[in-house]
Every structure is written in C-alpha cells, then in structure tokens.
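Engineer: Its first residue numbered 4, the sequence shown is counted upward by one per residue in this note's numbering. Before I ask anything, let me first share the structure, which is written out below as structure tokens.
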Amino acid sequence: MTEKNTLPEIRQNIIQRDLRVLWHPCTQMRDHEDYPPIAIRRGSGVWLEDYDGRRYLDAISSWWVNLFGHANPRINAAITEQLGQLEHVILAGFTHEPIVTLSERLVALAPPGLARCFYASDGSSAVEIALKMSFHYWRNRGKSRTRFISLSNSYHGETLGALSVGDVALYKETYEPLLLKSITVPSPDCYQREPGESCADHSTRLFAEMDAALARHAHETCAVIVEPLVQCAGGMRMYDPVYLELLHAACTKYNVHLIADEIAVGFGRTGTLFACEQAGITPDFLLLGKGLTGGYLPLSVCLTTDPVYEAFYAEYSAQKAFLHSHSYTGNPLACAAANATLDIFRDDDVLNRNRKLADYMTRATAHFADHAHVAEVRQRGMILAIEMVQDKQTRSPYRWQERRGLAVYRHGLANEALLRALGDVVYFMPPYVIQEAEIDQLVKVAWEGIDRATR
Ligand SMILES: Cc1ncc(COP(=O)(O)O)c(C=O)c1O
C-alpha cells in the first residue's frame, strides 16, 4: 500500500490482512466470509468513521467503555502528557503519582468504607481478584469456605472464575466441566414480574430465594456477587434497588462478603456515579473497569475495606499476603486517562446532564411500547433496552436461530448506527456526549430496524 492508494483500496487491504491473521472476540469467524469486519479509520465524539467515509453512531459505547466520546481532547491531552513522563513501571515495589491520585479519588468517590484499591487490566481480572481475595480472607481468618453465590442470568466476564459465577449459557455452557461449582439463585429481574406487580415488590419477593440460599450455605460461602441494578450482558435486565438493600443486610447477618460488580454500570450509567448508591450500601468489594479510563485504555480496580485489607497484613512468614499480580497493573497511561475522566465528572456536571439525556431518551422511545413485537422498553439512567418478542401477549421469544437482533444490527450498520443487540434486545448505552438530535437519529434507525426484523 502506498500513499497513492484510495481509501477503499486501503480498507480492502486491511480486511484481507485481518482475515489472514486475526481471530476476533465473541465471533464465529466464518460469518466474516459474508460480512467482513468493518475497518475503522478514526473516531470523534459519538461517531466512528470507516475507510469509505461511512459513519456509525456508537450507540453501545464500543462495548460499554466509552463515556465522553472518541478522541476526547481532554483525555487525549492527559495521556499525551503522561507519555512524555512515564509510560509504565512495575507496581510491585514501585509506585507513581497518577496511580496514587487516582486511588485517593476513587476512595473519596466510592461508597464510604471502601478504602483500598487493587488494580488489574480488565473487568474479568478484577472479578478474579475479588473471588480470590474473598476466599483468601476467610482462609486467613481460619475458615475454610469455597463457594460463591450469584444470580441467574448474571455475567461477570469470560475467565474461568468469572464464568463460574456467571449464568449466560451462550458463554458458559461449553466450559461447564472446567468451572467452580457456584450456587445460582433466581434473578430479581423485573421483566419476570407478575402482571400488576411492581418492580420493587417483585425484587422483594424474589429475595426470599437469596435469603434461603444464604441460610443454607453461609457456612461454606465466601461471597455473593451481583451486577447492581442491571444485568447487562444478560439482556439489560433490571431490578429494584431494594434487592441490594436486602442483600447487603443479609450478607451482614450471615457474615458473607458482598461483591458489587459495577464494571458495566459504574461511572454514571445508572444515574448515580455508582449503582450501589441507589441502595445506600457499601459492598465489601466494588469492581470497576470499562468506563474507568473513559474507554481509552485497559484498567480495572477492585476496591475493598480496611477489615479485608487487615486480614492480609502480617509478617511475610505468616504467608497471608495476596500474591496476585498482572504485568500491566496500574499502568500510568491508563491512570492518566482515568484521572482525566474523573476531572470531566468533576467539572462538567455530568450526572445532571445525563439525567436530562435519559429523560429525552425515555420520551423519544415511548412509542416503541406500542409496537406489535416489543414486549418492554425498560430504562435505568443511560441504559435503555427494547425487548423484541414473537408474541406480545405471551411474551414468547423468537427462536434464537432467527437472530432478529442481528437483523437490527445489520440494518443499523447500513444506516449510520452501531446497534449491536444482545439476542433480541436492542439497546442504547451511548457515550454521555450524545446530542438530542443524535438520539432522534438512533431512535429512527432502531424503529425501522425492529419493524423490518419482526415482519
Ligand atoms: C458486569 C461485568 N463484569 C465483568 C465484565 C468483564 O469485563 P472485561 O470484558 O473487561 O473482562 C463485564 C463485561 O462486559 C461485565 O459486564
């Protein structure tokens, strides 16, 4: 390829080379014979642009990571400045200013009592850390506990520990023989509520199952792990904060840890900076990733309490230390991006602006509820989901082989929108810099896509 090649030629070249050497995530590679990957040349704000000059409105924040748009000037500047100082340093035995500042800020912003930050590079690793740390805590306290409790339809990542506490068959089933035997309790998912039942009543009623599991298994259980308020990968299924209140009280009563996996819902997605705030609780472990760096660089963190930290604090010879590590733990460039992201939250009244955007999304999508193949439009803050069904009355789903959500996705790509559905759930989880006119555009494309896909 030379400078003389046209952009479509460059695009074609990238795709051919890609298909020779890459293996893409969450993809049946054979599908690329008919639908090659889209080569993105650049991004700006909510927009991605390919080599043919086609644009795509990133309605899913590139797998829920992007908060303040692509090529955000403030985050760009912070990373560039950091690049001139220090790109990386081992975090065992060494430290650096960006990570100390970031940790101080996270501790100040998180629910009270979360006092220590342990870093990793991606969400799944943060989940592994919380599981191991909880297990190890009980061991250091002289107790042998090996079980974890989680909710049906939950998702916590793709590594073996994370898959063990997840429950989305599509990702988990194949690997079942390799996994820890965790305890699964029915999700308080409000989509499953009885006609006339409020979401809060449904969540409260479903809590009885969790209480029973805790009563039975507390003696052998390290922790309960949940995605607070929204089960994202499980189809953006939502539940009421009262469930978290009850769960927190029960974990205290039964002396079991509570792990709040806010990797997808943290940083303003649900309307508050952290979803746990809506229940007024402090979990024993709070997991953050994705939006932590504004969607720029891989970084995740497991925040925990002083009592947990102190259970590991001893003479080296006592063999109580948490000897877990990842090479890129606390990478300074990622920390600089995270600090710039927190600056934007501090300076720009983001949560209030999001409230207005969320209200706008509610109004703009109200008519979807009347569609003959839409069972529910649900929303929490900056997450709005539209559930397509075969039969509106019985809510019977389409057969998965029909891939109606995929049809909406393809319709979106042909009409300037990246709307990657979860099964038959089409959703908007856009960067917070989206404008009202852009929401209108998404709504129009999603409506047309759903209408065509369900005919
Ligand atoms: C709630 C939750 N936990 C953990 C993860 C795993 O994060 P990662 O993909 O960065 O490993 C995800 C990813 O979508 C998630 O939604």
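All C-beta atoms in this analysis are idealised placements derived from N, C-alpha and C, irrespective of residue type, glycine included. Just so you know, these numbers come straight off a predicted model, no measurement behind them.
#1: Among 19, 62 and 276, which residue has its Cα nearest to the Cα of residue 108?
#2: Go through its chain and collect everything with a Cβ distance to residue 126's Cβ below 6 Å, but skip five positions before and after it.
#3: Pull up the distance between the alpha-carbon of residue 29 and that of residue 317, whole angstroms please.
#4: According to DSSP, which residues form a beta bridge with residue 21?
#5: If you compare alpha carbons, which of 338, 155, 243 and 225 is closest to residue 84?
#6: In chain order, what residues have a CB nearer than 6 Å to some heavy atom of ligand 1?
#7: Which one or two residues does DSSP pair with residue 50 in a beta bridge?
#8: If I follow the unbroken beta strand (DSSP E) through residue 303, where does it start and stop?
#9: Report yes if the CB atom of residue 164 is closer than 9 Å to the CB atom of residue 135, and no otherwise.
#10: Whose C-beta lies closer than 8 Å to the C-beta of residue 357 among residues of the same chain, with five residues either side of it excluded?
#11: When we look at the beta-carbon of residue 177 and count the other beta-carbons within 10 Å, is it buried (16 or more) or exposed?
#12: Would you call residue 181 buried or exposed, if buried means 16 or more other Cβ atoms sit within 10 Å of its Cβ?
#13: For my contact list, residue 269 and residue 70 are in at a C-beta cut-off of 8 Å; report their separation, rounded to the angstrom.
#14: So for residue 12, helix, strand or coil by DSSP?
#15: How big is the Cα-Cα spacing for residue 39 and residue 427?
#16: Expressed to the nearest angstrom, what Euclidean distance is found between the alpha-carbon atoms of residue 96 and residue 371?
#17: Please confirm whether residue 154 and residue 190 have their CB atoms less than 9 Å apart.
#18: Looking only at its own chain, which residues have a Cβ that is under 7 Å from the Cβ of residue 431, when we skip the five neighbours before and after it?
#19: Bridge partners for residue 120 per DSSP, in chain order?
#20: How big is the Cα-Cα spacing for residue 80 and residue 342?
#21: Which runs of the beta strand (DSSP E), 3 residues or longer, sit entirely within the segment 260-302?
#22: Please check the pair residue 301 and residue 124, which I expect to be a contact at CB under 8 Å, by giving their CB distance rounded to whole angstroms.
#23: Return the CA-CA distance between residue 183 and residue 171, expressed in angstroms with no decimal places.
#24: Skipping 5 residues on each side, what residues in its chain have a beta carbon closer than 7 Å to that of residue 378?
#25: Ends of the beta strand (DSSP E) at residue 354?
#26: Whole angstroms are fine: how far does the CA of residue 305 sit from the CA of residue 118?
#27: If residue 42 sits next to residue 59, beta carbons under 8 Å apart, how far is it from one beta carbon to the other, in whole angstroms?
#28: By how many angstroms is the C-alpha of residue 133 removed from the C-alpha of residue 149?
#29: Which word fits residue 353, buried or exposed, when buried means at least 16 other C-beta atoms lie within 10 angstroms of its C-beta?
Structural biologist: Quick answer:
#1: 276
#2: 160, 266, 292 and 303
#3: 43 Å
#4: Under DSSP, residue 21 shares a beta bridge with no residue.
#5: 338
#6: 125, 126, 127, 130, 158, 159, 160, 230, 235, 236, 264, 266, 267 and 292
#7: 47 and 60
#8: Note, residue 303: beta strand (DSSP E), 303-308.
#9: Yes, the Cβ-Cβ distance between residue 164 and residue 135 is below 9 Å.
#10: 271, 274, 384, 385 and 435
#11: exposed
#12: exposed
#13: 10 Å between Cβ atoms; not a contact.
#14: Under the three-state reduction of DSSP, residue 12 is assigned to helix.
#15: Going from the Cα of residue 39 to the Cα of residue 427 covers about 22 Å.
#16: In a straight line, the C-alpha of residue 96 is about 55 Å away from that of residue 371.
#17: yes
#18: The residues are 62, 364, 387 and 445.
#19: According to DSSP, residue 120 shares a beta bridge with 306.
#20: 12 Å
#21: 260-264 and 288-291
#22: That belief holds up - the Cβ atoms of residue 301 and residue 124 are roughly 4 Å apart, short of 8 Å.
#23: 15 Å
#24: 390, 392, 395 and 398
#25: Unbroken run through residue 354 is the alpha helix (DSSP H), 353-367; no beta strand (DSSP E).
#26: 11 Å
#27: No, residue 42 and residue 59 are not in contact; Cβ-Cβ is about 12 Å, not under 8 Å.
#28: Their Cα atoms are separated by approximately 13 Å.
#29: buried
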